[in-house]
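Novice: Provided herewith is a single structure, encoded as structure tokens, for subsequent inquiry.
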Amino acid sequence: MTTRDTINFFSSKIFFFICLFSLCVFTISPNDLIALDTDLGETLFKNHCAGCHINGNNIIRRSKNLKISSLKNNGINDPETIANIARQGIGIMDGYKDQLGEDGDLIVANWIWEQAQKAWVQE
Ligand code: HEC
């Protein structure tokens with residue numbers, strides 16, 4: 009490569025796009041993706057669960073709510089179990105597999121699990 013080639017490369021569009029691309033890769037951190045999931049989890053909950061489980065309660069069967077003590081009492085000890093219930097339903101509750109979309113079950117379950125750890129108190 010001659011000096012001129014080198015200069016041409018650095019002033020080329022390709023070089024510009026490589027820089028732009030690296031900038032994107034380095035500025036989108038895993039935390040941003042987690043934040044996106046958190047927002048999505050909250051939205052899914054509001055759209056599909058809050059009707060009966062507003063603030064983690066249960067307006068139909070009060071004892072089967074989404075607070076940590078109730079979950080544990082009923083043998084629900086991780087987000088995966090909640091995701092299962094979200095998908096397939098439990099007892100008199102319907103499943104919401106079709107409404108939640110791909111991965112929506114786990115995303116909303118993780119959000120619920122996180123709220124349960126914080127006793128459903130919003131920051
Ligand atoms: C139409 C009302 C309704 C909606 C909407 C609803 N649930 Fe439920 N949910 C119930 C009822 C009623 C129960 C108790 C079922 C039973 O044991 O017979 C329940 C129980 C649960 C439980 C078990 C709680 C415990 O402590 O045992 C979980 C977890 C749960 N729901 C998650 C969800 C999620 C996630 C969504 C949204 C995708 C959702 N529910 C939407 C009515 C609803």
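Heads up: the sequence shown begins at 9 in the working numbering, then just goes up one per residue. For glycine and all other residues, C-beta sits at the position ideal for the given N, C-alpha and C.
(1) Looking only at its chain, what residues have a beta carbon closer than 6 Å to the beta carbon of LEU114, apart from the 5 residues adjacent to it on each side?
(2) Ends of the alpha helix (DSSP H) at VAL89?
(3) Excluding five sequence neighbours on each side, which residues of the same chain lie with their C-beta closer than 8 Å to the C-beta of ASN63?
(4) Going by other Cβ atoms of all chains shown within 10 Å of its Cβ, with 16 needed for buried, is ALA117 buried or exposed?
(5) Report back the beta-carbon spacing between ALA124 and LEU79 to the nearest angstrom; my notes put them in contact at under 8 Å.
(6) Since GLY49 and TRP119 are thought to touch, with beta carbons under 8 Å apart, how far apart are those beta carbons, to the nearest angstrom?
(7) Can you give me the Cβ contacts of ILE67 inside the same chain, cut-off strictly under 6 Å, excluding the 5 residues immediately before and after it?
(8) In chain order, what residues of the same chain have a beta carbon less than 7 Å from the beta carbon of SER3, not counting five sequence neighbours either side?
(9) Report the residue from GLU122, ASN73, GLU110 whose alpha carbon sits nearest the alpha carbon of ILE98.
Specialist: In short, the structure shows the following:
(1) Answer for LEU114: ALA91, listed in chain order.
(2) The question names Val, but residue 89 is Thr in the sequence shown. Here the alpha helix (DSSP H) through THR89 covers 87-96.
(3) Hits under 8 Å: TRP128.
(4) Under the 10 Å beta carbon count, ALA117 is surrounded by 16 or more other beta carbons and is classified as buried.
(5) Going by Cβ atoms, the distance from ALA124 to LEU79 rounds to 6 Å, so yes, they are a contact pair.
(6) About 3 Å separates the beta carbon of GLY49 from that of TRP119, a gap short enough to meet the 8 Å contact definition.
(7) Same-chain partners within the cutoff: CYS60.
(8) No answer is possible for residue 3: the residues shown for the chain start at 9 and end at 131.
(9) Distances from the alpha-carbon of ILE98 to those of GLU122, ASN73, GLU110 put ASN73 closest.
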